[in-house]
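Heads up, the sequence shown is in our numbering, so the first residue is 1 and it goes up one at a time.
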Amino acid sequence: MPDKKAPEKNAGVLVIGLGRFGSAIAATLDRLGQDVLAVERSPELIAQWSGRIPLVEADASNPTALEQLGARDFPVAVVGVGTSLEASVLITGNLVDLGTPQIWAKAISAEHGRILQRIGAHHVVFPEADAGSRVAHLVSGKLLDYIEVEDGFTIVKMRPPKETQGFTIEQTKVRDRYGVTIIGVKSPGQDFVYAEPTTRISANDLLIVSGHAELLERFAARP
1 MPDKKAPEKN AGVLVIGLGR FGSAIAATLD RLGQDVLAVE RSPELIAQWS GRIPLVEADA
61 SNPTALEQLG ARDFPVAVVG VGTSLEASVL ITGNLVDLGT PQIWAKAISA EHGRILQRIG
121 AHHVVFPEAD AGSRVAHLVS GKLLDYIEVE DGFTIVKMRP PKETQGFTIE QTKVRDRYGV
181 TIIGVKSPGQ DFVYAEPTTR ISANDLLIVS GHAELLERFA ARP
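Take a look at the structure:
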């Protein structure tokens, strides 16, 4: 039998759809101790996740089913259904009708995303496109990690260019020369430290650097 958890008033996050995207969100929230309830209509996925996260078997495209499972009490809902455009739109519309304060919806194309926004989704996520963009930055240069925050502002993890090795951050003048900011340094076997003007960079360090994506790419391309 599926695990059913009656949501309390002002409960946490309702996650609809237990594909790779939805299940990753639900499992992570549950591991972090957040109140979460997953909704899935596939018996196979219900069986796969039963006993691992709080869940209920229901068709969220049916507004009556959402009412019965207490969806109205959740301040945040994530629509992880993406392969079926019709189901995604119906579920999102149902949540809008319920007055859900925050609706996060997965989209698989720009057109899909525009539809979700027009019917009332507060946040539209493009996981495949975002992952593809991130990987492209990683495989094309020297970046070890890449997170775009907003409007091109990005934070990266990278190896220090040779011209910075053996010098303090103040001596490198990275901000003046490249328009990026070193915000942290991780030396082997040492704790991460926030960067100060006197922080010295060695060849084996990892740098955490922020700035516009194009400027970071130029800095990371230095030998």
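Idealized CB from N, CA, C, for every residue including glycine.
Burial check for S84: the Cβ neighbour count within 10 Å stays below 16, so the residue is exposed. Excluding its 5 nearest sequence neighbours in each direction, A24 has no C-beta neighbour in its own chain below 6 Å.
For T92, the closest C-alpha among the options L69, H123, R52 is that of H123. Counting C-beta pairs closer than 8 Å gives fewer than three between the segment 149-159 and the segment 106-114, which falls short of the contact rule.
Our two residues, P63 and L37, have alpha carbons roughly 17 Å apart in a direct line. Taking the Cβ atoms as the reference, F219 lies roughly 4 Å from Y178, within the contact range of under 8 Å. Classified as exposed, F192 has fewer than 16 neighbouring CB atoms from the shown chains inside 10 Å of its CB. Residues of the same chain with a CB within less than 6 Å of the CB of L18, apart from the 5 flanking positions on each side, are A38, E40, L45, W49 in chain order. Here R200 is bridged, per DSSP, to T168.
Here R175 has T181 as same chain residues with Cβ atoms under 7 Å from its own Cβ, once five neighbours each way along the sequence are excluded. Sorting G82, G120, P75 by C-alpha distance to the C-alpha of T100 places P75 at the top. The straight-line gap separating the alpha-carbon atoms of L32 and L144 is approximately 26 Å.
Of the candidates I147, F126, D97, E86, F126 places its Cα closest to the Cα of A105. Across the structure, F167 and R200 are spaced so that their CA atoms are roughly 5 Å apart. Nearest C-alpha to M158 among I169, S210, I108, A121: S210.
In the DSSP assignment, A105 falls within the unbroken beta strand (DSSP E) covering 102-106.
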